[in-house]
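Chains as they are written, first to last, in my numbering: chain G, -4 to 104; chain H, -14 to 97.
Every residue, glycine too, gets a C-beta built ideally from N, C-alpha and C.
Take a look at the structure set out below.
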Amino acid sequence: DAKTTQPNSMESNEEEPVHLPCNHSTISGTDYIHWYRQLPSQGPEYVIHGLTSNVNNRMASLAIAEDRKSSTLILHRATLRDAAVYYCILRADGQNFVFGPGTRLSVLP
Amino acid sequence: DAGITQSPRHKVTETGTPVTLRCHQTENHRYMYWYRQDPGHGLRLIHYSYGVKDTDKGEVSDGYSVSRSKTEDFLLTLESATSSQTSVYFCATRSPSGNTIYFGEGSWLTVV
């Protein structure tokens, strides 16, 4: 399975943008980049995913490097509710979702 | 949201007893999963199912068995619970497109 590298933890101030990085230098051409987050005492939830182009949805934006060896999840205005563990996952069709340790995001009021 | 219900949500059991956790989904998703989550290890896949009666092992399957007799139900059984199986267990289903995995709220199991 292709692996990802994320910082263990990050801090942000409320109402400021947050850029969560993910390195995946061994990504293959068929790997999609998925982001999930896990709020305290809950199961993980879907945030966004993409293959090559940048993606936007109501929760976040996903910026994918041109060589696809890294990506960044962007939360445009962090709220206290965004405090969670964020997981960056590579997955090709037919593979299972493999969760790494993720990045623990703290949002300061 | 894939309408996933896990039961029981919390359980304390004694070492050596069998335990069954149930996962019920309402979306008719073909793929279902059982993960466990422990401090320092993150989420690890125990078993998964790709259809009725079709199951396969994940990363940490020793000491666990599963059954899927109906599309909507996926059971995880600890045949003889040990203290190392104290954990939070999450059930999940996968969307037909394969792009999204939905998790239940978790089952907290303590083996004493």
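(request) Report the residues of the segment 20 to 49 of chain G with a CB closer than 9 Å to any CB of chain H, ordered along the chain. (result) Y27, H29, Y31, Q33, S36, Q37, G38, P39, E40, Y41 and H44
(request) Leaving out five residues on either side along the sequence, give the residues of the same chain with a beta carbon under 8 Å from the beta carbon of L103 of chain G. (result) Counted from its first residue, the first sequence places residue 103 of chain G at position 108. Contacts found: E6, S7, N8 and E9.
(request) With 8 Å as the threshold, decide whether the Cβ of P96 of chain G is near any Cβ in chain H. (result) The residue labelled residue 96 of chain G in the question sits at position 101 within the first sequence. It does: the Cβ of P96 of chain G has a partner Cβ on chain H nearer than 8 Å.
(request) For S48 of chain G, count neighbouring C-beta atoms within 10 Å of its own C-beta (all shown protein chains included) and say buried if the count is 16 or more, exposed if not. (result) Along the first sequence, one-based indexing puts residue 48 of chain G at 53. Exposed, because fewer than 16 other Cβ atoms sit within 10 Å of the Cβ of S48 of chain G.
(request) Kindly say whether T78 of chain H, judged by its beta-carbon, lies nearer than 8 Å to any beta-carbon of chain G. (result) As a position in the second sequence, residue 78 of chain H is number 93, starting the count at 1. Using a CB distance cut-off of 8 Å, T78 of chain H does not count as an interface residue toward chain G.
(message) So D88 of chain G contacts chain H; which residues on that side make the cut at Cβ distance below 9 Å?
(response) Counted from its first residue, the first sequence places residue 88 of chain G at position 93. By Cβ distance, chain H contributes G83.
(request) Please name the residue or residues paired with K42 of chain H in a DSSP beta bridge. (result) If you number the second sequence from 1, residue 42 of chain H lands on position 57. The partner list for K42 of chain H (beta bridge, DSSP) reads H:H32.
(request) Determine, using beta carbons only, whether E(-1) of chain H comes closer than 8 Å to chain G. (result) On the second sequence, residue -1 of chain H is found 14 positions in, with the first residue counted as 1. Chain G, which has no Cβ nearer than 8 Å to the Cβ of E(-1) of chain H, makes this no.
(message) Using a Cβ-Cβ distance cut-off of 8 Å, determine whether I31 of chain H contacts chain G.
(response) On the second sequence, residue 31 of chain H is found 46 positions in, with the first residue counted as 1. By this cut-off, I31 of chain H is not an interface position.
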